[in-house]
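Asks: In the working numbering, the protein residues as written are 5 to 272. We put the CB at the ideal spot given by N, CA and C, even for glycine. Note that the coordinates shown come from a computational prediction; the quantities given were computed from them, not determined experimentally.
1) Can you check the stretch 88–153 for any beta strand (DSSP E) of at least 3 residues that lies completely inside it and give the ranges in chain order?
2) Pick out whichever of 114, 255, 192 has its Cα sitting closest to the Cα of residue 134.
3) Pair every Cβ in the stretch 51–62 with every Cβ in the stretch 82–99, then say whether three or more of these pairs are closer than 8 angstroms.
4) Under three-state DSSP, which class holds residue 35?
5) Which residue's Cα is closest to the Cα of residue 182: 172, 156, 193?
6) Just to confirm, is the Cβ distance from residue 226 to residue 9 under 8 angstroms?
7) Helix, strand or coil for residue 16, going by three-state DSSP, please let me know.
8) Tell me which residues share the same chain as residue 109 and place their Cβ nearer than 8 angstroms to its Cβ, disregarding the 5 neighbours each side in the sequence.
9) Could you pull the start and end residues of the beta strand (DSSP E) that residue 11 belongs to?
10) Quick one: what's residue 235 bridged to in DSSP?
11) Taking DSSP as the reference, what is the three-state secondary structure of residue 179?
12) Do the CB positions of residue 268 and residue 232 come within less than 8 angstroms of each other?
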């Protein structure tokens, strides 16, 4: 019997990737044409597509200080430094920014990260219909818990931006970064799911987890012996050999009520 539903945040309850795209577009606009008063480098020859692609590659490799949680560089400065590295690569490749020294380029990196953060966080809502869906579960006496991976500073900013505590109790939100700071692990480690079960007051066999990541969400549910998992596969991504198998798949988290009824025999 399902008595609790656990949710991932990014690209599950919030279309984070869409807001990332919007933020990257805003950063690219900082490198404008001559006469653009908002441009931080007017008339530059920066290839913004290459710049953003290089930054994304750097971010994927090291999203924050590798010493985290014992970091010596805060996450904002780290990411500003990644922008600076990407700009420097453009400088060497295309000759752009050649008149700027390392200090000036790092200041540009800070401007890029400030723009990215501001643009992303100024509009970071729950997926349309998600709030009503979660409240429907809660009204049916199902416990709901959020389990989100990531740097605690970054994730708490997101949770604030989407006003998560208007839908979930603050005590029902688990941030993977906070677990790491405390010496524990984030998804797919079973410990974080066991914590969610404890918060919800249920056994693992009475809980399901919903998320977009096969490696973190679906595998985590399997590792923790939950009753099942629901994979949010918005873009119809194909599973590869060896990928964990979800109990059910949806394109949007708002389809969960139907899955609960058809797969888990939960009538709302």
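Replies: In this structure, then:
1) 147–152
2) 255
3) yes
4) coil
5) 156
6) no
7) coil
8) 88, 91, 92, 95, 101
9) 8–11
10) 215, 253
11) strand
12) yes
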